[in-house]
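This report concerns only the one structure given below.
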Amino acid sequence: MGVAIAAAAVAGVLFSTGAQAFDSGSSSNLILGPQPHGQVHRANLPTELNREVAPTRTEVDDPTGEHPGTITVDSRNRYLYLSMEGGRSMRYDIGVGREGFAWSGRAYVGRRAEWPAWTPPADMLKRRPELPRVMKGGIANPLGARAMYLYNGHGDTMFRIHGTNEPDTIGQAVSSGCIRLLNDDIVDLYERVKVGATVVVL
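Under mature numbering (1 follows the signal peptide of the UniProt record, and there is no 0), residues -21 to -1, 1 to 181 are what the sequence shown spells out, in order.
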């Protein structure tokens, strides 16, 4: 299904509640088990936490009008577009921020990480004190297989584009403002995107 996105750039400073990463309201998948030493994790490794699911990415005509290399997040329709050469883009299904945590604006990829660790922010710990203070990277980590950290002129926005160990949340508005993709899709996007890439959230 085609999705029309306004070609005009969204300006202004990011606005949000200052939340980060992951907060679906359930902690059932947040138990960090022992990580196999030296094991190479695969994005679609079928486990109870991260079962194998089909990737959503598909190449389409670019509806964004952005320069190649730009990421555009269509929050309303739950798609992420990576603009490519020749008027084409790679489209991925995503999960977005729930009511009260949605945001829009421009940012850029300031850092990238493979199997990133996760540190819940203070405001999230107040809401969910059972969360660990730091969670090592791995299959059980809510940031999934890859993370791209979004910055603007004021520094770290505390928002991320990342994988997920909850594939059922793709297409839903459940996060604390971060953009989540299936692990297989975030690995593909990560390999295509460099530090400094522009991110437009609509």
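Ideal placement from N, C-alpha and C gives every residue a C-beta, glycine not left out.
Since the structure is predicted, the reported quantities are computational estimates derived from the model, not experimental observations.
What residue does the alpha helix (DSSP H) around residue i start on, and which one ends it?
i	result
Arg70	Not the alpha helix (DSSP H): Arg70 falls in the beta strand (DSSP E), residues Arg67 to Asp72.
Ile118	Run containing Ile118: none; DSSP gives neither H nor E here.
In or out: residue i buried (at least 16 other Cβ within 10 Å) or exposed?
i	result
Pro121	buried
Asp164	buried
Val166	buried
Asp40	exposed
Glu93	exposed
Arg107	exposed
Ile171	A quick correction: the sequence has Arg, not Ile, at residue 171. Per the 10 Å Cβ criterion, exposed.
Glu145	buried
Run the proximity test for residue i: is its beta-carbon closer than 7 Å to any non-hydrogen atom belonging to the ligand FMN?
i	result
Tyr60	The ligand FMN is not part of the structure shown, which contains no ligands of any sort.
Assuming residue i contacts residue j (C-beta within less than 8 Å), just tell me the rounded distance between them.
i	j	result
Arg77	Val174	Actually they are not in contact, since the Cβ atoms of Arg77 and Val174 sit about 28 Å apart, beyond 8 Å.
Met69	Arg36	6 Å
Ala86	Asn131	5 Å
His141	Ala126	4 Å
What residue from the options has the CA that sits closest to residue i's CA?
i	options	result
Asp102	Asp167, Val172, Glu93 and Ser155	Ser155
His133	Pro47, Asn162 and Gly89	Gly89
Pro34	Tyr60, Pro111 and Asn162	Asn162
Determine the contact status of residue i and residue j, defining contact as a CB-CB distance below 8 Å.
i	j	result
Gly123	Thr98	no
Ala96	Val113	yes
Ser54	Leu168	no
Counting along the chain, where does the beta strand (DSSP E) carrying residue i start and finish?
i	result
Asn131	Arg125 to Asn131
Leu104	Counting along the chain, Leu104 falls outside any beta strand (DSSP E), though it belongs to the alpha helix (DSSP H) covering Ala101 to Arg106.
Ile140	Gly134 to His141
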